[in-house]
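Numbering (our numbering), first residue to last: 1 to 247.
Even for Gly, the Cβ is constructed at its ideal location relative to N, Cα and C.
Small disclaimer: the values here were computed from a predicted structure and weren't measured.
Heads up, the thing below is written out as structure tokens.
See the structure below:
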């Protein structure tokens, strides 16, 4: 038995705000909150990780993936609106965006959960940005007058931005591949170029996600060295790195 009421699943227009919300939250969640740190701030670490050593290239590649996720959500929202509000403009939109006549862009439990994950992950990332302010960077760096963030999401787990990133990315993977989604229903996934595009996107973002999750331990070591007793007290109050009561 589905947890989603049948009338809701029969109303594709309800999918539009979910898609738009996913696009906006994914955009901000995959955008650096601050300018890239200065070299001297990164040089404090003898062995920067691969993301840190190639940060500008990684930001460029993540930006490509970000726009892929956002454009897919926006294209699906536009196609659904065009299907439900016929007009000459709608005909052109459908001709451009939905080459498959059998495309069914209805709302499904899978796409609903996928959008919810993208929205939740993106909002949590923005919460982390707001909590840390200028101290939130995409590389491991200790800035001048750096302060240890222990409030907001950092009072729940010590590395909430990585948890949020993972949820957001997995949600967009599901939205890309699940039945009823634009990329599947429009037939792009059946085309060689679409398979290459999707495979490259998923492969790269999986690599980045796994690397970020593995970075949590290293960041704990760095923060402990920098803040000492303050970090010790925080780690006792907030014992979990990524998932409350689990890890």
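Under the three-state reduction of DSSP, residue 98 is assigned to coil, being neither helix nor strand. A check of alpha carbon separations from residue 116 across 61, 159, 173, 105 identifies 173 as the nearest. For the 8 Å CB-CB criterion, residue 79 and residue 105 form a contact. Residue 160 and residue 86 have their C-alpha atoms roughly 44 Å apart.
Rounded to whole angstroms, the Cβ separation of residue 69 and residue 26 is 5 Å, and the two are in contact under 8 Å. When C-alpha distances from residue 84 are compared across 236, 232, 14, 200, the shortest belongs to 14. In the three-state DSSP reduction, residue 194 falls in the helix class (H, G or I). Beta-carbon to beta-carbon, residue 213 and residue 137 are separated by about 18 Å, too far to satisfy the 8 Å threshold. For residue 73, the secondary structure class from DSSP, reduced to helix, strand or coil, is helix. In this structure residue 242 is in contact with residue 157, their Cβ atoms being roughly 6 Å apart against a cut-off of 8 Å.
Distances from the CA of residue 29 to each of 121, 96, 226 were compared; the closest alpha carbon is that of 121.
Excluding five sequence positions before and after residue 65, the CB atoms of its chain that fall closer than 6 Å to its own CB belong to 201, 205, given in chain order. Around the C-beta of residue 125, 16 or more other C-beta atoms lie within 10 Å, and the residue is accordingly described as buried. In terms of Cβ geometry, residue 75 and residue 178 do not form a close pair [threshold 8 Å]. Between residue 216 and residue 162, the C-beta gap is smaller than 8 Å, which places the two residues in contact.
Apart from sequence neighbours up to five positions away, the residues of its chain that approach residue 90 with a beta-carbon distance below 6 Å are 82, ordered along the chain. By the C-beta density criterion, residue 134 is exposed, having fewer than 16 other C-beta atoms within 10 angstroms. Secondary structure at residue 130: helix, using DSSP grouped into helix, strand and coil. Annotation: residue 135 is outside any alpha helix (DSSP H) and is labelled neither H nor E by DSSP. Counting the other Cβ atoms within 10 Å of the Cβ of residue 57 gives fewer than 16, which makes it exposed. Apart from the 5 residues on each side of it in sequence, residue 164 sits with its Cβ closer than 6 Å to the Cβ of 121, 124, 125 in its chain, given in chain order.
In this structure, residue 118 places its C-beta atom within 8 Å of the C-beta atom of residue 22.
No residue range can be given for residue 87, since it is assigned to no alpha helix (DSSP H) and is classified by DSSP as neither H nor E. With a contact defined as Cβ atoms closer than 8 Å, residue 186 and residue 97 qualify at about 7 Å. Sixteen is the threshold: when 16 or more other Cβ atoms of the shown chains lie within 10 Å of the Cβ of residue 153, as they do, the residue is buried.
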